[in-house]
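Working notes, structure below.
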Amino acid sequence: MVTVAVALIAVMALPAMAAAKANPYTAAGVCGPGFKPIDRHRLVDGNWGQLLSEVVLTYNASTGQNCVVNLKRYRVGQAEKYGDWLYAEVYTRPLTNPANLDSDQGNFKFFAGPVYVTARSKCVRWGGGADLLVPSNWSPRGEFHSAFRSGWTHCG
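The numbering of the sequence shown is this note's numbering, which starts it at 204 and goes up by one.
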């Protein structure tokens, strides 16, 4: 009986973000027809282990374009009143050409992106980041953060 009571108290004490709903968007759906996921990276906060978002790299073989979307995995669909922030980026060489770089950042309800580069016969570097400022009335308190940037990958 004591074990059940302790378990019930622990579940009730979880922060509101633990019960977040699933993101209704997919990277392929956001990027558009013909885009297929070819790589992904989960952004997990290093202090608390909270899954913040998932950065997905897609490719369209017909157009030769890569697209990146950073799909939100916490407080999905909720208003951004606590300082939530997402970004997505993708680029190829030469970096001196503005057409070889695209990025998106801000306070979003569902995702950052889509961002695109044409990369047929080129390598791409892609990534994203997520920040979540946890309000003082939630537990655990503080800031969640995670970021990822690939090396030069998916050459071809």
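Where a beta carbon is used, it is the ideal one built from N, C-alpha and C, also for glycine. Just so you know, these numbers come straight off a predicted model, no measurement behind them.
*Less than 8 Å separating the beta-carbons of residue 349 and residue 332?*
In the sequence shown, counting from the first residue as 1, residue 349 sits at position 146. In the sequence shown, counting from the first residue as 1, residue 332 sits at position 129. Result yes, Cβ atoms of residue 349 and residue 332 sit closer than 8 Å.
_Status (buried if at least 16 other CB within 10 Å, exposed otherwise) for residue 300_ = To locate residue 300, count along the sequence shown from 1; it is residue 97. Per the 10 Å Cβ criterion, exposed.
*Please report how far the alpha carbon of residue 240 lies from the alpha carbon of residue 316, in whole angstroms.*
Along the sequence shown, one-based indexing puts residue 240 at 37. Along the sequence shown, one-based indexing puts residue 316 at 113. The alpha-carbon atoms of residue 240 and residue 316 are separated by roughly 14 Å.
*Measure the alpha-carbon distance for residue 353 versus residue 250 and round it to whole angstroms.*
Along the sequence shown, read from residue 1 onward, the residue named residue 353 stands at position 150. Along the sequence shown, read from residue 1 onward, the residue named residue 250 stands at position 47. Rounded to whole angstroms, residue 353 to residue 250 spans 22 Å at the Cα level.
_Nearest to residue 237 (by Cα), restricted to the options 346, 268, 228, 310_ = Counting from 1 along the sequence shown, the entry for residue 237 is found at position 34. Answer by Cα proximity: 268.
*The alpha helix (DSSP H) enclosing residue 291, as first and last residue numbers*: Taking the sequence shown and counting its residues from 1, one reaches residue 291 at position 88. Residue 291 -> not in any alpha helix (DSSP H); beta strand (DSSP E) instead, spanning 288-294.
*What's the gap between the Cα of residue 291 and the Cα of residue 311?*
Counted from its first residue, the sequence shown places residue 291 at position 88. Counted from its first residue, the sequence shown places residue 311 at position 108. Computed Cα separation, rounded: 12 Å.
*Compare the Cα-Cα distances from residue 242 to each of 320, 259, 234 and report the closest residue.*
As a first step, residue 242 must be located in the sequence shown, where it is residue number 39. With distances taken between Cα atoms, residue 242 lies closest to 259.
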